[in-house]
Amino acid sequence: MTTETPSKPNRFTGAFIQSVEGLGKGIIDVISSIGGVVSLGLDVFRWSVRRPFRLNNLFTQLDFVGVGSIFIVGLTGTFTGMVFALQTSTAFALFDAESLVGPTVALTLTRELASVFAALMVTMRAGSAMCTELGTMRVTEQVDALETMAVNPVQYLLVPRVLAGLFMVPALTMLFNTTGMTGAYVVAVFGLGISPGTFLSRTQQWMAPADVYEGLLKGAIFGLSVALICCYKGFNASGGAKGVGQATTEAMVSSALAIFILDFIVGMLMH
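Mapping to full-length UniProt numbering: the sequence shown position 227 is 227, numbers consecutive.
Written out as structure tokens, the structure is:
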């Protein structure tokens, strides 16, 4: 009596199975990371209201995240406003509506671009440094040394960084608004021939305080999210220098995606 041997899956079937496995693993990793970030956020909140309050650490991070990012955020805002004014004027010229350049740039900056770009600049400059520093401390067992000395690492290392992101990204958003509108004004008035009175009066006519508040709220949400993600990735890094580099890469990609996803969600809820 002969027995049939089971047929081996062909190359296409094997590739399909591997793709499904990879997709499932990716989804599980994303859900696990989201849960870890949320759990870390709760720990940060809990330890942020408990003594001792290490204000020196907080001021150091405020200086690093905020003051250290002034130049790059201001420069980015200036050229963003200039480019946006130039491009919108080209479109509005077709309808003889160049006077709308000012309010269009103002609304776009305050509602969307300022908070998003400021958060991205902070992510690339400060977020990467947070993740790398914390990851290095983790793999070199400096975090374990803090625990040995009865110092809670969440309170000592993470709380100042998260609070700095929460407070300074909205401030940098306002800086981006200011420099962006300045750049747009220079291009519109001196490059396109729009009168200063028209630019300013139209902008004032179309703008409302709620537009600025929306951008500041987004900035606070983005800053909190970026700081938590970067701290989470760095705090849980492993595998030596290679692991720290991988954690930093994951932190940058995850933070950028979180900014755009949260921008859509918050914008949809507010409109």
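Here a beta-carbon is modelled for each residue, glycine too, at the ideal position from N, C-alpha and C.
Return helix, strand or coil for residue i, following the three-state DSSP convention.
i           : result
residue 267 : helix
residue 308 : For residue 308 there is no data in the structure shown, the boundaries of the chain being 1 and 271.
residue 51  : coil
residue 169 : helix
residue 19  : helix
residue 66  : coil
residue 262 : helix
residue 151 : coil
residue 281 : Any property of residue 281 remains undetermined from this structure, which presents the chain solely from 1 to 271.
Spatial neighbours of residue i within its chain, please: CB distance less than 6 Å, with the 5 preceding and 5 following residues excluded, ordered by chain position.
i           : result
residue 206 : 103
residue 268 : none
residue 233 : 131, 247, 250 and 251
residue 214 : 111 and 270
residue 304 : No answer is possible for residue 304: it lies beyond the span of the chain, which begins at 1 and ends at 271.
residue 254 : 229
Along the chain, where does the alpha helix (DSSP H) containing residue i start, and where does it finish?
i           : result
residue 191 : Per DSSP, residue 191 belongs to no alpha helix (DSSP H) and is neither H nor E.
residue 219 : 209 to 235
residue 138 : 128 to 139
residue 120 : 114 to 122
residue 143 : 142 to 148
Say yes only if the C-beta of residue i is nearer than 7 Å to one or more non-hydrogen atoms of the ligand ADP, and no if none qualify.
i           : result
residue 196 : Absent from the structure shown: the ligand ADP. Ligands present: none.
Kindly list the residues whose CB is nearer than 7 Å to the CB of residue i, restricted to its own chain and excluding five residues on each side of it in sequence; keep chain order.
i          : result
residue 18 : none
residue 43 : 154
For residue i, which residues in the same chain have their Cβ closer than 8 Å to its Cβ, ignoring the five residues on either side in sequence?
i           : result
residue 168 : 62, 65, 66, 69, 122 and 223
residue 236 : 36, 138 and 247
Taking 8 Å as the cut-off, does the region 131 to 150 touch the region 187 to 202 (at least 3 CB pairs, one atom from each stretch)? no
Tell me whether the region 118 to 125 and the region 65 to 76 touch, counting them as touching only if at least three CB pairs, one residue from each stretch, are closer than 8 Å. yes
Any contact between the region 211 to 228 and the region 88 to 100? By contact I mean 3 or more CB pairs, one from each, below 8 Å. no
Quick one: any contact between the region 156 to 165 and the region 35 to 48, if contact means 3 or more CB pairs under 8 Å? yes
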